[in-house]
Amino acid sequence: MIDVFNEEIEVLLKDGITNLYWFLGDLEKSWIRAGVDLNLTKSLFRRKDENGQKLTKRKLMDELYNELRNRDYNCRLEISRNFVRILIEHKGFVPQSDGHRIDRAERVALKLKEIIQNQKRDTEYKNKIKERATQAQKSDYHSELQNIREQFIELQKAEEHDRGYKLEKLFVDLMRISGIPVEESFKIVGEQIDGAIKYDSHFYLIELKWRKKKTNQGEIASLYMKADGKMEARGIFIAMEGYSDEVLQSLPKGKELKIILLNGFHLSNVIFGLYTFQELLEHALNQISIKG
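Here this note's numbering is used: position 44 in the sequence shown is 49, and no number is missing along the way.
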């Protein structure tokens, strides 16, 4: 079943459920089957538009999700999963009227089945990555991590102009002992990239900064542009001294989330064994998927 609920799936559900049913009464029954609160259902189906007319089926679905956004996320997820079940388990997409576009509901059902299969493959891939990480930890991960930790402590004493380059090397070693595929820093025409990793079937371009001043918005934008120019690439920016106020203030204004922002505390916690880099990434990705 759907594990991650996003805007694409919400749009598909609205379109699919709206076109699956021709009569408002059948739509209302589907809400009850999906677990929508009875009082909320009755309230919305009694609601009228500005002309005093009953709401259309699509408007009802829009209003439902507006209400669900103000409720517990798990409640919205469970109702959405039930709507998915209704669509993918429906048998015989037969129109109930000449104007009934039930074929759109059928296309949505097929698309949802495809998404479920993709999420299943992604989950299997994640499990393989976790298994590799566990195997790496069981071997000599901790002894290697101790070596990296000692280098990291010494690195804090280095001159600022040397730290960035040495941190890139240390990061590569950290990824290798963590079982994460990694590329060292490289140059292409007009770009310097500190490195790249592959995790959960995605490539992440890496940008590392370790200097006294905080990272500004222009540097984030630079990594964004680098990632935006690569097929399905994302970015991870690690600013050891954190980010300027302008960066933090602009975070909610981005339209597409492509860059994960981490700081020195995150990387230090990995190096000192509080959690693995995989656990850090999983937490970050979950927060992005759920809360944006």
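Glycine included, every Cβ here is placed at the ideal spot set by N, Cα and C.
Taking a contact to mean a Cβ-Cβ separation below 8 Å, would you say residue i touches residue j in this structure?
i	j	result
R81	L73	yes
I276	L179	yes
K214	A244	yes
I182	Y146	yes
L175	I198	no
K263	G240	yes
Y78	I293	no
Q254	A138	no
Which class does residue i belong to by DSSP, given the choice of helix, strand or coil?
i	result
N44	helix
V194	For V194, the predicted structure reports a pLDDT of 49, less than 50, and the residue's modelled location is therefore unreliable. The matter cannot be settled from this model.
Y280	coil
Q292	helix
T61	coil
N87	helix
R38	helix
G247	coil
F242	strand
N75	coil
On the DSSP letters alone, give me the boundaries of the beta strand (DSSP E) that residue i sits inside.
i	result
H207	207 to 214
R52	That residue, R52, is in no beta strand (DSSP E); it is neither H nor E in DSSP.
K203	200 to 204
L266	264 to 268
Which first and last residues belong to the alpha helix (DSSP H) in which residue i is found?
i	result
I185	Taken as a continuous stretch (DSSP letters only), I185 belongs to no alpha helix (DSSP H), as it is neither H nor E.
K19	12 to 25
N152	147 to 160
S227	222 to 233
Rounded C-beta distance between residue i and residue j? I'm assuming under 8 Å.
i	j	result
R86	N24	About 19 Å; that fails the 8 Å criterion.
L115	Y204	Not really, about 30 Å apart at Cβ, beyond 8 Å.
K34	D67	19 Å between Cβ atoms; not a contact.
L83	G30	It is worth fixing the name first, because residue 83 is Glu in this sequence and not Leu. That pair is no contact at about 23 Å.
F242	L272	11 Å between Cβ atoms; not a contact.
K53	K59	6 Å
Going by beta carbon distance, what residues of the same chain come within less than 6 Å of residue i, once the five residues before and after it are set aside?
i	result
R216	E165
G169	W215
Enumerate in chain order the residues of its own chain whose CB-to-CB distance from residue i is below 7 Å, with the five nearest sequence positions on each side excluded.
i	result
D42	none
L17	V113, K116, L117
V194	With a pLDDT of only 49 at V194, under 50, the local geometry of the prediction cannot be trusted, and the value read off the model is given with reservation. There are no such residues.
R252	The question names Arg, but residue 252 in the sequence shown is Val. T220, N221, Q222, I225, listed in sequence order.
E13	none
N71	none
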